[in-house]
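One structure is given below, encoded as structure tokens.
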Amino acid sequence: MEIGFEINLENIDDDSTPMITPSEVIEHIFCPRYTYFLNCLDIDQNEHLRYKVLKGREIHERREKTNFDYLRKRMNCVKKEIAVYLASKKYRVRGVVDEVLWLGDRTLAPLDYKYTEYSDFTFKTHKIQSVIYALLIRDNYSAEVNRGYICYVRNGNKLKEIVYSEKDFFEALSLINEIFEIIKKGYFPPKTKYDARCIDCCYRNICPK
Ligand code: SF4
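In my numbering, the protein residues as written are 142 to 350.
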């Protein structure tokens with residue numbers, strides 16, 4: 142039996158609604174001033190390039206490892222779509238989900254690949270990214286999305302399941318709002334509370350203490 146959800150055509154990305162990407166949210170988590178330098182002053186000091194290189198490596202690595210059948214069995218996955226571009230006017234985000242999975246319980250879930258080692262600890266950036274993909278899937282397929290998966294491909298394919306809470310969705314939406322507030326009002330946000338992040342930061346030469 143075909144398990145299908147209609148895609149929401151109202152979400153076709155016609156550039157009429159300003160949108161941000163999950164990577165911009167991750168940069169904002171790293172330091173809110175990234176949002177200011179990138180989106181208000183339009184200064185891109187190669188950090189995006191670095192992100193793209195890393196992402197490229199992740200995808201390359203993913204393509205090299207094609208036998209994920211046993212993982213899909215574990216997730217009870219009955220259908221998947223690969224590299225799905227989704228945009229949501231409602232949530233003001235757009236991005237490419239590595240895989241959208243149709244699960245046996247008729248819910249959908251994002252699967253994201255990471256070129257990093259597995260750790261029992263889930264990084265906030267990984268979790269928020271997954272939650273944003275969940276929002277995109279929810280809005281576009283009008284389907285229930287209550288969990289997501291991250292496959293850590295370095296040193297073997299280790300799978301992590303993230304069961305979303307309402308608090309997770311609230312946090313992701315608050316971050317998106319925070320970013321748009323900075324973009325709209327153009328105010329200079331407080332710096333990250335972790336001084337160590339400034340050491341290698343591409344903006345350290347122009348960022349006031
Ligand atoms: S130098 Fe520090 S405070 Fe300034 S943008 Fe970079 S990480 Fe943020």
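Positions of the beta carbon are idealized from the N, C-alpha and C atoms, including for glycine.
Span of the alpha helix (DSSP H) around isoleucine 273: By one-based count along the sequence shown, residue 273 stands at place 132. First-last of the alpha helix (DSSP H) with isoleucine 273: 265-282.
Do tyrosine 305 and asparagine 287 count as a contact pair if the criterion is CB distance below 9 Å? Residue 287 sits at position 146 when you count from the first residue of the sequence shown. Residue 305 sits at position 164 when you count from the first residue of the sequence shown. The answer is yes: Cβ separation under 9 Å.
Cα-Cα separation between valine 272 and aspartate 309, rounded to whole angstroms: Residue 272 sits at position 131 when you count from the first residue of the sequence shown. Residue 309 sits at position 168 when you count from the first residue of the sequence shown. For valine 272 and aspartate 309, the distance between alpha carbons rounds to 7 Å.
Can you round the beta-carbon distance between tyrosine 175 and glutamate 168 to whole angstroms, since I take them to be within the 8 Å contact cut? Locating residue 175 in the sequence shown gives position 34, where the first residue counts as 1. Locating residue 168 in the sequence shown gives position 27, where the first residue counts as 1. Contact flag correct, Cβ pair sits at about 4 Å.
Taking the beta carbon of glutamate 307 as the centre, do at least 16 other beta carbons fall within 10 Å, making it buried, or is it exposed? The residue you call residue 307 lines up with position 166 of the sequence shown. Exposed: under 16 other Cβ atoms inside 10 Å.
Could you say which of Cys172, Tyr232 and Asp210 lies nearest to threonine 158 if we only look at CA atoms? Within the sequence shown, the letter at position 17 stands for residue 158. With distances taken between Cα atoms, threonine 158 lies closest to Tyr232.
Cβ-heavy atom distance, arginine 338 to ligand 1, below 8 Å: For the purposes of this step, residue 338 is identified with residue 197 of the sequence shown, where counting begins at 1. Within 8 Å of the C-beta of arginine 338 there is at least one heavy atom belonging to ligand 1.
Going by the DSSP bridge assignment, what does proline 173 pair with across the sheet? Looking up residue 173 in the sequence shown gives position 32. In the DSSP output, where bridge partners are listed per residue, proline 173 has none listed.
Cβ-heavy atom distance, phenylalanine 171 to ligand 1, below 8 Å: The sequence position of residue 171 within the sequence shown is 30, counting from 1. Yes; taking the cut-off as 8 Å, the Cβ of phenylalanine 171 has a heavy atom of ligand 1 nearer than that.
Cβ pair count under 8 Å reaching 3, the segment 239-256 against the segment 320-338: no
Taking alanine 313 as the reference, give the member of Ala224, Phe262 and Tyr274 with the closest Cα. Numbered from 1 along the sequence shown, position 172 holds the residue referred to as residue 313. If we check each option's Cα against that of alanine 313, Tyr274 comes out closest.
Lysine 332 CB to nearest heavy atom of ligand 1 below 8 Å: Taking the first residue of the sequence shown as 1, we reach residue 332 at position 191. Result yes, Cβ under 8 Å from ligand 1.
CB glutamate 268 to CB valine 294, shorter than 9 Å? As a first step, residue 268 must be located in the sequence shown, where it is residue number 127. As a first step, residue 294 must be located in the sequence shown, where it is residue number 153. A small fix is needed here, since residue 268 is lysine in this sequence, not glutamate. Cβ atoms of lysine 268 and valine 294: not closer than 9 Å.
Are the beta-carbon atoms of isoleucine 291 and isoleucine 303 separated by less than 9 Å? Reading the sequence shown from its first residue, position 150 is the one you call residue 291. Reading the sequence shown from its first residue, position 162 is the one you call residue 303. Yes.
Taking 8 Å as the cut-off, does the CB of tyrosine 254 come closer than this to any heavy atom belonging to ligand 3? The model depicted lacks ligand 3 and carries ligand 1 instead.
Could you tell me the distance, in whole angstroms, from the CA atom of aspartate 185 to the CA atom of leucine 179? Position 44 of the sequence shown, counting from 1, holds the residue named residue 185. Position 38 of the sequence shown, counting from 1, holds the residue named residue 179. One C-alpha to the other measures close to 6 Å.
Between which residues of its own chain and glycine 245 is the CB-CB distance below 6 Å, once the five residues before and five after are set aside? Numbered from 1 along the sequence shown, position 104 holds the residue referred to as residue 245. Answer for glycine 245: Asn217 and Val219, listed in chain order.
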